[in-house]
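K.L.:
Below are the C-alpha cells for one structure; questions will follow.
Numbering (UniProt numbering), first residue to last: 1 to 470.
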C-alpha cells in the first residue's frame, strides 16, 4: 500500500476518516488501484470552523516567516513591514476590481476540502528583464495580484497555508542537467545578471541575487504540495519561458520517493509543453495530455503535433490536443468542453491515475492579445474543467500556476479553480456557450487526435462518432 510510503507529516494534521470524492474507472490494462489519503474531506460545522480559524491564525504567522532570513537566530524571522512595502511599491501593484464575468465572491460549499496554498514574500523579489513585463512569467505583479484576489474573495483564510522550501540539488537533477543547475540554481550572490534565452520572442535576464534562491523555492514548493496535493502559486512558469520544469520534477519525486505508479499531467497552457512531453515520452507511468494552439505548426515553436503519441513503452501515453485553424473563430468554452468530453476525460478515466498534476496556464483565457493566444476561454470554464479533473484520482489534484498575463482574467480564472477545489458549486457557464456547437476547426482538430489515438486505445474509437453530431 502507498500509505506506508507517504511522509508521516502529511497525515499528522488530518485524523478524520477519508471520504472519496468520486470512484475511479479502472483501465483494462491498469495496475490494481491503491487508495492514498492525500487529504481529508469533512462536513462543515461550527466546531470545525472554529478550529480552522485557529489553524488559520497559526498559518498566517508561518506564512510571514522566511527560512532565508539570516537576521534571526532560528532563520524563521518575520519580514519587516518596510520590506513588504518596498516590494509592493516596486511592482506597482494595484488591487484588481472584479468585472461582471468574474466568479462570485463565495458560493455555499457542498463539502469542505482541505486545499493548500504556498506563498513566500521572497517570491516577490524575483526580477526578470523583459522589455514588456506583460509577457514576463516571473513578473512579481502576477503573484501579488493573485494572492490579493484570494484574500479579497475570502478563499485564502479557508485554505491551508503551507510553507515552501528550496528544491535540493538531487531533486533538480532528476530532470535537468548539472550544467543547467549550476548555471541558474548555484550562481554566486555576487553575480548581478545571468542571461537566459527563452523559447519565446523575449530574452530573459535574471538580474538580482535572489533569483537563484527563488528558482529553487519555486520548484521545492511544487514538490512539497504535490506530496500534500494542493495548489501552488509559483513565480516561474513551467512552459517555454521557464528554466526549471517544476511539474516534471514533482512528478519524478512522486515516482521515486513515494512510489506513485500512475501520474496524469494535464497541460492547458496555450503553448505546448515540449519539455514535459520530452521528459516522459517513453514513460508509460505518466500520461501527458496537452491542449494548446498549434495552427498546423505555425504558432509559437510549431511543436506539439497530434501525431506525437510517445515511443517505446510510452507509446499511447502522450496526447496532443493541437488546435488548428487560427483565430477564425478563436477557441472558447464550447471547444474546450468538447475536448474534455471526447478526448481528455475518456482517456484519463481509462488510465485511472493516482495523482493529477495540472500545468495551469491561463493564457487561453479571454483578454489576451492574438499574438500571445487570442482564445476566449472563460474563467468559469476553467473552474468547470478543474471540477471534472477532480473526478479522477479520488480528487487528488495539484494546480501549478504557469502562463496568464492579463491580470484580471488570470485572477478570475484562478479564483474559479480554487473555488472548485474547495468543493464550492461551480459557477454556471454562459448559456450561449453551453448550446453552441464547437467550431469546425475544433471538430477537425479533435477528429485528428482521436484518429491517431485510436491506434493505441479502443476508447477513442467510440468518441469519434460523437464528433460527427456537431
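Where is the CB? At the ideal position from N, CA and C, for every residue including glycine.
It should be emphasised that the depicted structure is a prediction, and the values quoted were computed from it without experimental measurement.
(1) I'd like to check one pair, residue 317 with residue 362: are the Cβ atoms closer than 9 Å?
(2) Going by the beta-carbon positions, is the gap between residue 383 and residue 427 smaller than 9 Å?
(3) In terms of DSSP beta bridges, what is residue 120 paired with?
(4) From the DSSP output, which residues share a beta bridge with residue 332?
(5) Going by DSSP in three states, residue 156 sits in which element: helix, strand or coil?
(6) Excluding sequence positions up to five away, which residues of its chain have a Cβ less than 6 Å from the Cβ of residue 328?
(7) For residue 438, which of 415, 390, 333 has the nearest alpha-carbon?
(8) Taking the Cβ atom as the reference point for each residue, do residue 309 and residue 252 lie within a distance shorter than 9 Å?
(9) Beta carbon of residue 254, beta carbon of residue 289: below 9 Å?
(10) For my contact list, residue 349 and residue 405 are in at a C-beta cut-off of 8 Å; report their separation, rounded to the angstrom.
(11) On the criterion of 16 or more Cβ atoms from any shown chain inside 10 Å, does residue 370 qualify as buried, or is it exposed?
(12) Quick check: does the Cβ of residue 371 come within less than 8 Å of any heavy atom belonging to the ligand PLP?
(13) Distance check for residue 114 and residue 337, CA to CA, integer angstroms please.
(14) Kindly provide the ranges of any beta strand (DSSP E) runs that are 3 or more residues long and lie completely inside the segment 295 to 346, ordered along the chain.
(15) Taking its Cβ as the centre, do 16 or more other Cβ atoms sit within 10 Å of residue 269, making it buried, or is it exposed?
(16) Measure the alpha-carbon distance for residue 471 versus residue 214 and round it to whole angstroms.
(17) Are the segment 342 to 358 and the segment 296 to 303 touching by the rule of at least three beta carbon pairs closer than 8 Å?
(18) What residues match up with residue 471 in a beta bridge as DSSP calls it?
(19) For residue 420, which of 325, 385, 443 has the nearest alpha-carbon?
(20) May I have a chain-ordered list of the alpha helix (DSSP H) segments no shorter than 4 residues that lie completely inside the segment 399 to 431?
(21) Measure the C-alpha to C-alpha separation of residue 294 and residue 447 and round it to an integer number of angstroms.
(22) Straight-line CA distance for residue 313 to residue 282?
(23) I need the straight-line Cα distance from residue 40 to residue 296, nearest angstrom please.
(24) With respect to the alpha helix (DSSP H) encompassing residue 364, which residues constitute its N-terminal and C-terminal limits?
(25) DSSP three-state label for residue 142, please.
(26) Give the straight-line distance between the Cα atoms of residue 358 and residue 223, rounded to the nearest whole angstrom.
(27) Tell me the residue span of the alpha helix (DSSP H) that contains residue 530.
(28) Since residue 247 is in the alpha helix (DSSP H), which residue starts that stretch and which ends it?
(29) Residues in its own chain within less than 7 Å of residue 326 by CB, not counting five upstream and five downstream?
(30) What is the DSSP secondary structure of residue 271, counted as helix, strand or coil?
(31) Would you call the CB atoms of residue 409 and residue 379 closer than 9 Å?
(32) Using the three-state DSSP reduction, which class does residue 115 fall into: helix, strand or coil?
(33) For residue 5, collect the residues of the same chain with a Cβ closer than 7 Å to its Cβ; drop the 5 residues on either side in sequence, then sort them by chain order.
(34) Below 8 Å on the Cβ atoms is my guess for residue 418 versus residue 393; work out the distance and round it to an integer in Å.
(35) Where residue 389 and residue 422 are concerned, what is the direct C-alpha to C-alpha distance, given to the nearest angstrom?
(36) Pull up the distance between the alpha-carbon of residue 141 and that of residue 451, whole angstroms please.
P.N.:
According to the structure shown:
(1) no
(2) yes
(3) The partner list for residue 120 (beta bridge, DSSP) is empty, contrary to what the question assumes.
(4) 376
(5) helix
(6) none
(7) 333
(8) no
(9) no
(10) Not a contact, Cβ separation roughly 33 Å.
(11) exposed
(12) Summarising the ligand content, the structure contains no ligands, and the ligand PLP is consequently not present.
(13) 27 Å
(14) 318 to 323
(15) buried
(16) No information on residue 471 is available, as it lies outside the stretch 1 to 470 that the chain covers here.
(17) no
(18) Within the shown structure, residues of the chain are numbered from 1 to 470, placing residue 471 beyond reach of any answer.
(19) 385
(20) 407 to 421
(21) 15 Å
(22) 6 Å
(23) Its pLDDT being 30, under 50, residue 40 is placed unreliably in this model, and the value from its coordinates should be taken loosely. Spanning the two alpha carbons is a distance of roughly 44 Å.
(24) Note, residue 364: premise wrong, no alpha helix (DSSP H); not H, not E.
(25) helix
(26) 13 Å
(27) Here the chain has residues from 1 to 470 only, and residue 530 is not among them.
(28) 246 to 258
(29) 295
(30) coil
(31) yes
(32) coil
(33) Confidence at residue 5 is low in this model, with a pLDDT of 36, below 50, so its placement is unreliable and the value that follows should be read with caution. Result list for residue 5: 258, 259, in chain order.
(34) So it is not a contact: roughly 18 Å between Cβ atoms.
(35) 13 Å
(36) 43 Å
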